[in-house]
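> There's a structure below that I have some questions on.
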Amino acid sequence: MDGFDVQQLILDMNMNWTPVIAATVCGAGALYLFLKWRNNQKIQKKILNARKRRDKSFQQAEQAVQQFKTENPDFESSSIVSLSLPELTGKLKDGSLQPDAVLYAFMEKALEVSKNLNCSTEILMESVTQLKDINTQKKGLLYGVPISIKDNVAYEGHDASCGVVSKLDQPEPGDSVVVTVLKKHGAIPFIKTNIPQSLLNYDCSNPIYGQTLNPCNLQKTPGGSSGGEGALIGGGGSILGLGTDIGGSIRIPASFCGICGFKPTARRLSIQGIGSCVKGQKSVLSSLGPMGRDVESLALCMRALLCQDMFSLDPTIPPIPFNQELYESSEPLRIGYYENDGYLQPSPSMARAFRETKDLLERAGHTLVPFQPLRLYHVFHELILRGILGDGGRALLSHLNAGPIDLCLRPQAIMLSTPRFIKKLVSVVLKPFYPRLSATIDASIGVGSVADLWRQHANIEEYIQEVIAEWRRLNVDVLLCPMLGPAYNFHYCGKLNSAASYTSLYNLLNFPAGAVTVSTVTERDEAQLSQYTGAHGDMWDKLFVKAVKGGVGLPVAVQCVSLPWQDEMCLRFMREVEQLTAKSKLTKKH
1 MDGFDVQQLI LDMNMNWTPV IAATVCGAGA LYLFLKWRNN QKIQKKILNA
51 RKRRDKSFQQ AEQAVQQFKT ENPDFESSSI VSLSLPELTG KLKDGSLQPD
101 AVLYAFMEKA LEVSKNLNCS TEILMESVTQ LKDINTQKKG LLYGVPISIK
151 DNVAYEGHDA SCGVVSKLDQ PEPGDSVVVT VLKKHGAIPF IKTNIPQSLL
201 NYDCSNPIYG QTLNPCNLQK TPGGSSGGEG ALIGGGGSIL GLGTDIGGSI
251 RIPASFCGIC GFKPTARRLS IQGIGSCVKG QKSVLSSLGP MGRDVESLAL
301 CMRALLCQDM FSLDPTIPPI PFNQELYESS EPLRIGYYEN DGYLQPSPSM
351 ARAFRETKDL LERAGHTLVP FQPLRLYHVF HELILRGILG DGGRALLSHL
401 NAGPIDLCLR PQAIMLSTPR FIKKLVSVVL KPFYPRLSAT IDASIGVGSV
451 ADLWRQHANI EEYIQEVIAE WRRLNVDVLL CPMLGPAYNF HYCGKLNSAA
501 SYTSLYNLLN FPAGAVTVST VTERDEAQLS QYTGAHGDMW DKLFVKAVKG
551 GVGLPVAVQC VSLPWQDEMC LRFMREVEQL TAKSKLTKKH
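When the letters of the sequence shown are read in order and numbered with the UniProt record's numbering, they come out as residues 1 to 590.
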């Protein structure tokens, strides 16, 4: 065409489109910022609503307690909450105490403890309604006993948040099997307790409900993930509670808070209705178990749960009732032991508490046999860590990224969200200098394929058989080993995955294990921290010293272990340790 200027046309198009493109880019950016702002507003609203529900339940509980006190001017709660569980159940059975007085006594104490320690996510006001029909359960083993339950244990009409925003505003359609069974035995669930964000951490803090404090020292963490349970029971606000344990989550808070905690064989108790952020992970098994002030409380809870009601409600649970005869046995035991697992050098107080307990057992006529964990360095990284993070942490991150990430989870979140090839590179670079850190980063990549996952499961099965063969070669009944402690200063749990070696091993093996408090940190223990070198002399060993520093007077525990399905044997061993420790303390006083 005459007079057609191609260059001018292109120039005109560019001039015409430039503002459009610029406006589009700005508009997209503005839309992104708006959507992000709106999402943040939704998240904050969810968190605010959860806190309002908690505060409202506290107010309702305070009003209910006050009304009961007005109607019963002679009511005095301290004499009730100071009873042991056997004493309490005895008084409820003979009628010298009534279930309403007991519930309001613990409700009052739990409110006080929760305000001091921030250990509760909600008071379950349905507990007051439950009192109306409680007399129909008079024959129940836990008739009239108020119990606490960890946040992720389903209770109808309430969230099981697992400390993540993505699970808020999703009230449970029904009770978990264990709550149903405990109610049938006359127990009254009355409070839910705090947890760390996502549960896969042994601190106890989340962006919804905040940081829980240790009842023995407000500058320390109560441990986790059943940290709210540990704090509430340790503070006197509950006499019996339910926790869950995938790497020490019952035993660590029991140790940090000076109580007792028991992780049964996985699948001995039903986990129907128990929340998780890594559902479907099968390499390292989670267990639900009791926490209490003494071993007898744990045994009574197990005895109540291991009944036909649970076996009927959840047919996947083997119908094995509690073996009371084995639990009460007083036959001398052949006890395997180790003071150091070779992966984490125990703190001075851990080592001393272990040695003192070993000596007590020997003097009581038991036989002690050296026993060392097999190939723990390899197993901790390749089977435990890589197993729990088999998907590279994607399921966990999907929950964490749905809201703000708690300070105690940030080190884990950063590691999990780092691209796979960068983790591989960093792992290779660090290996000559920090082999443990290198192996942990590499393990966080997870498994590469279904074939790799099957191979890992086969390796775990082989390892379990290898450990059982060693157990039988030494002909031991139970195992005594140190328990992580004392309680950490804040914000170290997320940085010290290495410290879970003593507890997570028994989740991998699926061996029953429990923590029994036996001592407290002395000035000498504290002074000896200056000479602590650690098993590897790396950054984690240095961090461990900082984590446990300032622990004088804090409780220290030992760990008791038995073979799978020998839960009563483990509890029997725990009771032996508890009784020998109590007797030794009494002798020293006199």
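Idealized CB from N, CA, C, for every residue including glycine. In this text, all values refer to a predicted model and were calculated from it rather than measured experimentally.
What is the DSSP secondary structure of M1, counted as helix, strand or coil?
Reliability of the predicted coordinates at M1 is poor, the pLDDT of 47 falling under 50, and no value is obtained from them.
> How big is the Cα-Cα spacing for G550 and N507?
30 Å
> Provide the residue span of the alpha helix (DSSP H) that contains T522, from first to last.
Per DSSP, T522 belongs to no alpha helix (DSSP H) and is neither H nor E.
> Taking A499 as the reference, give the member of E172, C216, L529, L344 with the closest Cα.
L344
> Could you tell me the alpha carbon to alpha carbon distance between L117 and G210, rounded to whole angstroms?
10 Å
> At which residues does the beta strand (DSSP E) containing L88 begin and terminate?
No beta strand (DSSP E) contains L88, which is instead part of the alpha helix (DSSP H) from 85-94.
> Just to confirm my understanding: we take G227, look at its own chain, exclude 5 residues before and 5 after, and list those with CB closer than 6 Å. What are they?
C204, T212, P253
> Taking just the CA atoms, how far does P512 sit from P264?
5 Å
> Going by DSSP, name the residue or residues bridged to V369.
G336
> Residue ranges of each beta strand (DSSP E) run of no fewer than 3 residues wholly in the stretch 441-491, ordered along the chain?
Within the stretch 441-491, the complete beta strand (DSSP E) runs of at least 3 residues fall at 478-482.
> Does chain B have any CB closer than 8 Å to the CB of K167?
Absent from the structure is chain B; it holds one protein chain and no more.
> For R436 versus D538, is the C-beta spacing smaller than 8 Å?
Result yes, Cβ atoms of R436 and D538 sit closer than 8 Å.
> Going by DSSP, what residue range makes up the beta strand (DSSP E) through V558?
In the DSSP annotation of this structure, the continuous segment of the beta strand (DSSP E) that includes V558 starts and ends at 555-561.
> Quick one: complete beta strand (DSSP E) runs, 3+ long, within the stretch 193-274?
240-245, 260-263
> Measuring CA to CA, which of S427, A402, L383, S444 is closest to Q412?
S444
> Identify whether T121 lies in helix, strand or coil by the three-state DSSP scheme.
Three-state DSSP puts T121 in a strand.
> Give me the residue from L397, C260, D245, S255 with the minimum Cα distance to R267.
When each option's Cα is compared against that of R267, the closest is D245.
> In the DSSP assignment, what residue or residues form a beta bridge with I191?
Under DSSP, I191 forms a beta bridge with I123, S148.
> Kindly indicate the opening and closing residues of the beta strand (DSSP E) around P411.
Judged by DSSP secondary structure, P411 falls outside any beta strand (DSSP E) and instead within the alpha helix (DSSP H) spanning 410-417.
> Straight-line CA distance for R293 to V518?
12 Å
> If we ignore side chains and look at the alpha-carbon of each, how far apart do A50 and I405 end up?
Going by the C-alpha atoms only, they are around 17 Å apart.
> Would the stretch 353-370 and the stretch 425-441 be scored as touching if the rule is three or more Cβ pairs under 8 Å?
No contact exists between the stretch 353-370 and the stretch 425-441.
> Alpha carbons only, please: which of Q566, G289, V178, E325 is nearest the one belonging to Q308?
V178
> Straight-line CA distance for Q197 to E126?
26 Å
> Return the first residue and the last residue of the beta strand (DSSP E) that P290 is part of.
287-292
> What is the residue span of the alpha helix (DSSP H) that D309 lies within?
Note, D309: alpha helix (DSSP H), 308-313.
> Three-state secondary structure (DSSP) at A154?
A154 falls in the coil class under three-state DSSP.
> From E331, L484, M302, S96, pick the residue whose C-alpha is nearest to that of V181; which is it?
M302
> Just to confirm the assignment, what range does the alpha helix (DSSP H) spanning N507 have?
501-509
> G241 and L232 - do their beta-carbons sit closer together than 8 Å?
yes
> Label F421 either buried or exposed according to how many other C-beta atoms from any shown protein chain fall within 10 Å of its C-beta, with 16 as the threshold for buried.
exposed
> Answer yes if the stretch 94-108 comes into contact with the stretch 136-148, meaning at least three C-beta pairs across the two stretches below 8 Å, and no otherwise.
yes
> With a threshold of 8 Å on Cβ separation, who are the neighbours of E172 within its own chain once the five nearest residues in sequence on each side are excluded?
A154, Y155, E156, G157, H158, D159, A160, G273
> With DSSP as the reference, identify every bridge partner of G514, one or two as the case may be.
F262, C560, per the DSSP bridge assignment.
> V295 and M574: beta carbons closer than 8 Å?
yes
> Indicate the three-state DSSP secondary structure (helix, strand or coil) for E108 in the structure shown.
DSSP places E108 in helix when its eight states are reduced to three.
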